[in-house]
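In this note's numbering, each residue's number is its place in the sequence shown (first place is 1) plus 3.
Built from N, CA and C at the ideal position, the CB exists for glycine as well.
Bear in mind that the values here come from a model prediction, so they are computed numbers and not experimental data.
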Amino acid sequence: MLRVESVSYQINGRYLLKDISFSIRKGEIAAILGANGAGKSTLMKILCREKKPTEGRVVYDGKDLNTYTARELSAKRATLYQQNTVSMAFTVAEIVMMGRYNSKHGDHRSDSTALSETMEICGVSHLAERSMLTLSGGEQQRVHLARVLAQVWDNKNALLLLDEPVSNMDMRYQHQTLAIANALAKRGYMIVCVLHEINLAAQYADRIIMLKGGRKWWDGAPEEVLTTRNIYTAFGLHTSVQTDPATLITRVTPSSIKYDAAAFNSNLSEIFNRQSLKERFIAYRDQYPARPLWHIADTLGVSEADLVLLGLEENVTILSARPDAILKAIGEMGLVQGMTRNVHCHICCTGVYRDFFKEENTSCFQGEDTRLKISTEQCKIILAVEAQGKESLQFFTASGQAIHKIFLTDAGNRNAFLELLDTYKQHLPHRPEIEKKKHPPVKERRDAEINIMAFHEAWNTLTRAEEFSQLVTRFRLTPMQALRLAPPRRAMQVSLEVFRRTITQCLSDRIPVAITTGNENCQQESTGQLHDIYQKDQWLEITQSNGSNTVLNQDAVHSVWHVIRPVHNTCTDTLELYDTTGQMIVQFSGVHHSENPETWKKILGNTTI
């Protein structure tokens, strides 16, 4: 067995590897994957004994790797390096025979057998008398593979270390090389290989060890490690992952990356910049018809309102900036669909906007099917839009960021919608100026500046869930900092898998769930039993019995927290998902019913254990 025990490696105080541990058993082939700079080559050099770990150790066959003599190790372990340079005109047969330098003196039959069999399986027998200097890169790589195999050809328990063994090879020999490794592993060899091609690793390896930033992030079977989220985390690339039902082999299909050369080549940008925003928008939309409007706006470097206003005098009407009056009149429109989003999640709820009331600078709806809080103070641009057969009211900030959108449904009152437009339409419409300023990210205060005891006391004496945001503001904390400094057992970080198990259990047991998401100016909540959970690539779509629909980008989830806040004489338990900037993406909580108030808490408690 090969055991890597808490291995770290650093140069000039910088860790290239940190606390790596794993073991390889006899008959196992493990593939090491990771982006450039993840630490794959450094780890392989430690396994090859080219480098010594600064911390930890490597144990091979019950003995510290560094205690072996070179001769002892050469009989038990062979290495195929990433770079194999031959500067002299040795023949192919001579190079392969160099792998037998450690064989028993005079054992010509064994050497001859190893030479012929390894050259045959590696497809280089016909090159035996050719000079290495005349071969292509792929042919040279196959010769060196034969040499490495010849070294341990008669040791059925040997360790093979293969650093990018299929580089320079064509498709056939890539598969043939890994098929050889897989076959040897099935007969007892231990094999560790560094690969860049994920699908080859999925097809031929028993295990995948995925590195990122010098640390081991995942270790398991290909179907366990190769998920869209893990691949995005390691490589920053969106993918589609499927498992072949016939072979049970995982297949990864990367999403295409497309650029406009005018965006990075100044010699081409002049033509691009001469195009109007409308021309650029139409060209991009035609190329990517499925992309949402906010995504196109972000790509073009403008706000969403900028793109909507391209339809001014065609299908867009500017309304007076009187959000309270307009929102209060929405109830007359009957059944509508409200949509609120942030960068990573959006929620759509169908219902009637009932029970309107004001709470300082916030307009609220607390109807049975519509729960919404919208900061009307920030609603500076209000537009009525007709697009793709749908009519809507859209609310934006002064910088053109979408706050909330309300779509008229087929069952809604269109006459009330038209009357609202007639009442609040600007009679002398002029295109509103979109502010270009960007808000800098909020910096965390140092923990030493915070009265943590007072913060704990304030947290533990909350009486309403709404008070929590006021508490965070009062102590001048970021949301993530508030969770990190929470009183004991009030905020526990859990895995994304815990979140998935929890909502799956709620779906199975038909437990009502409240889902809340939004942006800094609007929060929308949907309450109801989960109807279905559907996952495609990085997207998780959750539908509820009330017809609402929540779509979450799982790749954007940086952390998941189980948060407990006191409310009156009880506590509310929530699952909250946050992005890398510390902003909440979406919140899940239970719905309190007198007949069974603890159901959500029990499910959450069972899944977080």
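N-terminal and C-terminal residue of the alpha helix (DSSP H) that residue i is part of
i    : result
M47  : K43 to L50
V589 : Here V589 belongs to no alpha helix (DSSP H); instead the beta strand (DSSP E) covers M587 to G593.
M100 : V95 to M100
A328 : P326 to A332
A81  : First-last for A81: R80 to L83, but that is the beta strand (DSSP E), not the alpha helix (DSSP H).
T180 : M174 to K189
D114 : H111 to I124
DSSP three-state assignment for residue i, whether helix, strand or coil
i    : result
R210 : strand
P482 : helix
H561 : coil
D413 : coil
V228 : helix
Q473 : helix
S258 : coil
I612 : For I612, the pLDDT reaches just 48, beneath the cut-off of 50, and the residue's location in the model is therefore unreliable, leaving the point undetermined.
H571 : coil
M4   : coil
H347 : coil
R103 : helix
M495 : strand
S11  : strand
Y287 : helix
K604 : helix
E422 : helix
T505 : helix
E500 : helix
M91  : coil
K219 : strand
K159 : coil
S597 : Unreliable positioning characterises S597 in this predicted model, as indicated by a pLDDT of 42, which lies under 50. A coordinate reading is not provided.
F360 : strand
V566 : strand
E167 : coil
F267 : coil
Check whether residue i and residue j have beta carbons under 8 Å apart
i    : j    : result
V630 : M135 : The structure shown has nothing for residue 630, since the chain only spans 4 to 612.
T553 : C348 : yes
H407 : G304 : no
F420 : L411 : yes
R6   : V62  : yes
G403 : V339 : no
A517 : V594 : yes
Y176 : R145 : yes
A208 : I32  : yes
S323 : Y235 : no
I455 : L488 : yes
I350 : Q538 : no
A153 : V95  : no
L296 : L165 : no
T343 : G521 : yes
G59  : S9   : yes
T246 : S258 : no
G37  : M213 : yes
T400 : K383 : yes
I588 : N345 : yes
Boundaries of the beta strand (DSSP E) in which residue i is found, first to last residue
i    : result
R145 : It is not in any beta strand (DSSP E) - R145 instead sits in the alpha helix (DSSP H) that spans G140 to Q154.
P515 : P515 to N522
I194 : M193 to V197
T320 : V319 to L322
L375 : R374 to S378
L555 : N552 to N556
Q429 : Premise fails: Q429 is in no beta strand (DSSP E) and is neither H nor E.
S529 : C525 to K539
T614 : Any property of residue 614 remains undetermined from this structure, which presents the chain solely from 4 to 612.
S243 : T242 to T246
Assumed close pair residue i, residue j - CB separation to whole angstroms, cut-off 8 Å
i    : j    : result
Y12  : K54  : 6 Å
D173 : G141 : 6 Å
S395 : C525 : Between C525 and S395 the Cβ distance is about 15 Å, and since that is not below 8 Å, they are no contact.
V563 : V475 : At roughly 19 Å, the Cβ-Cβ gap does not stay under 8 Å, so V563 and V475 are not in contact.
A468 : T584 : The pair is not a contact, with the Cβ atoms about 23 Å apart (cut-off 8 Å).
K219 : A237 : That belief does not hold up - the Cβ atoms of K219 and A237 are roughly 11 Å apart, past 8 Å.
L162 : R52  : Contact flag wrong, Cβ pair sits at about 12 Å.
I514 : T602 : 5 Å
query = What residue ranges within the stretch 13 to 76 form continuous alpha helix (DSSP H) runs of no fewer than 4 residues, ordered along the chain?
reply = Taking only runs of at least 4 residues, the alpha helix (DSSP H) segments lying wholly in the stretch 13 to 76 are 43 to 50.
message = Could you tell me which whole beta strand (DSSP E) segments of length 3 or greater appear in the stretch 381 to 406?
response = 384 to 390 and 393 to 399
*Unbroken alpha helix (DSSP H) runs of length 4 or more, entirely within the stretch 289 to 313: which are they?*
296 to 303 and 307 to 311
Whole runs of the alpha helix (DSSP H) within the stretch 433 to 468, excluding any shorter than 4 residues
The stretch 433 to 468 contains these whole alpha helix (DSSP H) runs: 455 to 463.
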